[in-house]
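Report on one structure; see the data block that follows.
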Amino acid sequence: MGKRKKIGLALGSGGPRGLAHIGVIKALVENGISIDMIAGSSAGALIGGVFLALGSIDKVEEYVHSLTYKKLAWMFLDLGSASGLIRGDNIEKYLEEILSGKTIESLLVPFAAVTTDLSTGDSVSVRTGLLSHAIRASSAIPALIESTHVHGRHLVDGGASAPVPVSIVKDLGAEYTIAVNLDVYSFIQPHTSSHSPTIPDMGRAAIELLRFNLAGLMCREADCIITPDVSHVSSLNLMKFIHGEDIVQKGYEAGIAAISKIKEDILL
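For the sequence shown, the numbering used here gives the first residue as 5, with consecutive numbering after it.
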């Protein structure tokens with residue numbers, strides 16, 4: 005029997021849709037699929053980083069279930085930044101409570117939190133330093149959460165440049181890549197009436213189409229693509245971090261559906 009391929013997860017961005025990553029990881033773990041490295045953008049960095057730090061996807065799910073509207077308001081009503089509606093300090097404080105000062109270097113497997121350099125548009129992988137700070141940087145949605153300043157660069161949400169960071173997890177050493185793509189949308193449908201889509205409809209669709217196509221291009225490099233059915237959840241509806249069991253379940257179902265292909269592809 006040959007040597008088993010090193011498996012890397014590329015966890016995509018998507019705000020509260022990222023709860024689907026919990027279900028995907030749970031499906032992989034339950035079926036004996038080893039995870040040798042993770043690269044995550046935004047919500048992917050959050051779930052992937054916390055999972056590696058705690059060593060248990062069930063513990064991650066417990067933290068999600070323990071979130072309250074009061075705690076969420078404390079994190080997201082941290083107002084007053086010049087570069088974003090939310091400063092992001094309380095988000096990082098909450099992450100520190102969970103992660104207890106862990107660094108990326110202390111994790112047992114390689115990890116990269118993917119961000120975007122606001123000056124160049126390039127993807128920047130944060131692979132050292134405080135895990136909480138790296139996750140915050142990767143999750144800084146432009147204009148919503150304040151950008152972070154690291155080594156002379158203003159960094160924002162990784163989803164702006166790498167919504168599914170497949171090439172980055174390959175750089176970490178992955179020989180078999182599993183991409184989890186959350187950029188699925190219900191685009192404008194043709195109507196039998198003569199009414200045209202509204203201006204807000206057109207603006208939203210334009211942004212979603214850009215993300216959809218960029219994510220699709222990035223997933224072409226992956227060996228396995230998992231696409232949870234989360235089109236019913238807005239990536240900007242932060243309240244869906246509360247009672248997001250349905251999103252976790254969608255991820256689990258998509259993960260289970262991919263197990264047979266993954267086992268056929270790799271040597272277990």
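From the three backbone atoms N, C-alpha and C, an ideal C-beta is built for every residue, glycine too.
- In this chain, the alpha helix (DSSP H) harbouring residue 261 covers 249–269.
- Short of 8 Å from the beta carbon of residue 235, and not among the five residues preceding or following it, lie these beta carbons of its own chain, in chain order: 188, 189 and 190.
- According to the DSSP assignment, residue 129 belongs to the beta strand (DSSP E) that extends over 127–130.
- One alpha carbon belongs to residue 138, the other to residue 99, and they sit about 10 Å apart.
- Distance check between residue 22 and each of 33, 105, 54 and 40 places 54 closest, using alpha-carbon atoms only.
- With contacts defined as CB atoms closer than 8 Å, residue 52 and residue 115 qualify as a contacting pair.
- Residue environment analysis places residue 108 among the buried positions, since at least 16 neighbouring C-beta atoms fall within 10 angstroms of its C-beta.
- Taking the C-beta atoms as reference points, residue 11 is found nearer than 8 Å to residue 37.
- When the beta-carbon positions are compared, residue 142 and residue 44 come within less than 8 Å of each other.
- Contact between residue 127 and residue 92 does not hold, since their C-beta atoms are separated by about 20 Å, which reaches or exceeds 8 Å.
- At least 8 Å separates the beta-carbon of residue 213 from that of residue 24.
- Residue range 93–103 is occupied by the alpha helix (DSSP H) that includes residue 103, with no beta strand (DSSP E) assigned at that position.
- In this structure, residue 42 sits away from residue 32, with a CB-CB distance that is not shorter than 8 Å.
- Under the 10 Å beta carbon count, residue 30 is surrounded by 16 or more other beta carbons and is classified as buried.
- Following the DSSP letters along the chain, one finds residue 39 in no beta strand (DSSP E), marked with neither H nor E.
- Under the three-pair Cβ rule at 8 Å, the region 220–232 counts as touching the region 248–264.
- Comparing alpha-carbon positions, the option among 131, 176 and 167 lying closest to residue 239 turns out to be 167.
- Residue range 61–70 is occupied by the alpha helix (DSSP H) that includes residue 68.
- Rounded to the nearest whole angstrom, the C-alpha separation of residue 211 and residue 204 is 11 Å.
- Straight-line measurement puts the Cα of residue 164 at about 32 Å from the Cα of residue 35.
- Within the region 131–176, complete alpha helix (DSSP H) segments of at least 4 residues are found at 135–142 and 170–175, given in chain order.
- Looking at 7, 8, 65 and 124, the one whose alpha-carbon comes closest to that of residue 28 is 65.
- Just measuring C-alpha positions, the residue of 242, 135, 14 and 157 sitting nearest residue 101 is 135.
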